[in-house]
Amino acid sequence: MGALAACLLAPLRGGDGVLYAIPAFGLCAVDGVLLGDALNAPARSSVRAASLTPRRVRDYVPPRMTVLLLVLAVALLALLAIAGAVATPDDLGRAGRQLALTCGGVTEGRDPWPGFYYGVPILAALAVATIACGWSLRRIATRIGDERSRRDRSLAIVAAWGIVVSTSLLGTASTAAGALSDMTCDGTAGTVANAILLPLAVVSLVTAPWMLFTVCSPRAAWWHRTNRGARR
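Offset between the sequence shown (1-based) and our numbering: plus 379.
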């Protein structure tokens with residue numbers, strides 16, 4: 380579903396499609412994971428036992444992955460804020476869609492630029508994904524089920540949120556770097572910005588498929604255990 384939504388949005392003119400397709404793909408990935416978790420009821424044993432230790436969300440989320448994704452999310456928010464602050468309207472008067480710089484009496488503008496024109500939908504997608512994944516993690520931590528299942532499902536939820544973060548950062552950083560690379564008035568500031576944007580884009584490019592594989596891995600592990608049990 381996410382791939383289909385991305386394919387439908389990507390061909391939009393003026394660069395709109397790519398930056399809209401990225402959060403759409405991420406949201407569809409989150410929706411798929413949440414739907415799968417809702418439809419697959421946790422295993423119930425014949426004998427139930429209650430633990431006196433309260434279960435917390437942070438006990439089930441993967442710590443290193445979570446820290447990495449939080450760093451990328453902060454970088455995304457900072458990038459969108461800075462890009463929005465320096466953005467200018469384009470030729471059609473659409474605010475926050477272009478970057479215009481003046482040097483030597485000549486003004487040059489480049490678009491698409493990840494200003495608020497694109498930043499608001501990206502932030503909205505991130506907010507929706509964060510709320511949905513946070514609610515799902517809370518639900519997984521407090522409902523019945525075995526510890527392994529809780530950890531697998533929490534891992535998939537965090538990875539689904541990571542898809543939204545990493546793909547959004549990849550699109551935002553690469554778009555900003557591309558616009559700055561085409562300009563001659565950016566000077567030292569543009570060089571420094573590209574030195575930050577390009578590594579962020581590379582990290583996001585590696586993180587996105589890692590998150591996608593992680594979302595699929597619990598199901599692969601389940602098939603592995605099932606087939607091993609059948610051979611016995």
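A virtual CB, placed ideally from N, CA and C, is assigned to each residue, including glycine.
Note that the structure is a prediction, hence the values are computed from the model and not measured.
For the options Val594, Ser533, Asn573, the alpha carbon positioned closest to that of alanine 462 is the one of Asn573. Taking the Cα of tryptophan 492 as reference, the smallest distance to any Cα among Leu459, Arg532, Leu447 is reached at Leu459. Your pair valine 594 and alanine 454 does not check out as a contact, with CB atoms roughly 22 Å apart and the cut at 8 Å. In the three-state DSSP reduction, glycine 415 falls in the helix class (H, G or I). Taking 8 Å as the cut-off, the Cβ atoms of leucine 534 and proline 442 do not count as close.
Per the C-alpha coordinates, the member of Gly541, Arg530, Val465 positioned closest to valine 446 is Gly541. Using a Cβ distance threshold of 8 Å, leucine 579 and leucine 548 count as a contacting pair. Just measuring C-alpha positions, the residue of Cys482, Leu451, Arg489 sitting nearest proline 468 is Arg489.
Shown here, threonine 445 sits in a helix according to DSSP, grouped into three states. If you look at threonine 509, you'll find it isn't in any beta strand (DSSP E); it sits in the alpha helix (DSSP H) that goes 495-521. For threonine 467, DSSP records a beta bridge to Gln477. Annotated three-state conformation of arginine 435 is coil, per DSSP.
The DSSP-derived three-state label of threonine 486 is strand. Counting only the Cα atoms, glycine 472 lies some 29 Å from valine 543. For arginine 518, the closest alpha carbon among the candidates Ala479, Val507, Arg532 is that of Arg532. By the 16-neighbour rule on beta-carbons within 10 angstroms, serine 560 is exposed.
Counting along the chain, the unbroken alpha helix (DSSP H) around aspartate 531 starts and ends at 526-560. In the three-state scheme derived from DSSP, where H, G and I count as helix and E and B as strand, threonine 593 is classed as helix.
Alanine 452 places its beta carbon 8 Å or farther from that of glycine 494.
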